[in-house]
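Numbering (this note's numbering), first residue to last: 2 to 190. Idealized CB from N, CA, C, for every residue including glycine.
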């Protein structure tokens, strides 16, 4: 998958989705406001030095964001995960995620891939070397690979959330899909 990167650390949820855009309660439409202050000037023109600039007028957006440590810190706003997913990201790679952000991401089908600091540096180096470099994420095997070099690392994710994302099931969908098992268990006690 196509990836872009920022080595900035401590990216908080207000940078991901500024508070002035938190006026809706549905998940849709937040992609336009994602990293708004990084992407747009005060007059709403595109900042040409933004990592997102070349993707503003295309549907072929990157699906992976590699970022510095402590990604998603700050407030607990679920809108940050909504914005990243609505923009088109399927995963965020970092060496550390704020716990609340990690949970919000997993609950919204956005995969937080936590890697070692040394492997993250390898990802950054490859993306600096080749802006078209791709990362491969194998969720079934909990593995991320730098496609050009074949270097890989395993990442942690709980089995429950792994299965939910693999099967595109939100928590409530998982419960509904387990209805027969739940009813069987209720009858057996």
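Cβ contact annotation for residue 119 (same chain, cutoff 8 Å, sequence separation greater than five): none. Taking C-alpha positions only, residue 142 is separated from residue 123 by approximately 20 Å. Taken through DSSP and simplified to helix, strand or coil, residue 136 comes out as strand. DSSP places residue 6 in the uninterrupted beta strand (DSSP E) bounded by 4–7. Annotation for residue 113: no alpha helix (DSSP H) segment contains it, though the beta strand (DSSP E) segment containing it runs 112–115. Ranked by Cα distance from residue 148, the options 138, 155, 156 are led by 138. Under the DSSP definition of a beta bridge, residue 13 partners with 74.
Per DSSP, residue 51 is not a residue of any alpha helix (DSSP H), being assigned neither H nor E. As the crow flies, the alpha-carbon of residue 184 is around 18 Å from that of residue 172. When DSSP states are grouped into helix, strand and coil, residue 154 belongs to the strand group. Residues of the same chain with a CB within less than 7 Å of the CB of residue 175, apart from the 5 flanking positions on each side, are 165 in chain order.
For residue 173, there is no enclosing beta strand (DSSP E); the residue is found in the alpha helix (DSSP H) stretching over 172–178. Only exposed fits residue 43, as fewer than 16 other CB atoms lie within 10 angstroms of its CB.
Secondary-structure assignment with DSSP links residue 146 through a beta bridge to 137, 153. In the same chain as residue 101, and ignoring 5 residues on each side of it, the C-beta atoms closer than 8 Å to its own belong to 73, 77, in chain order. Fewer than three Cβ pairs drawn from the region 43–56 and the region 92–109 lie within less than 8 Å of each other, which leaves the two stretches out of contact. Look at residue 186 here: in three-state DSSP terms it is helix. For the 9 Å CB-CB criterion, residue 71 and residue 11 form a contact.
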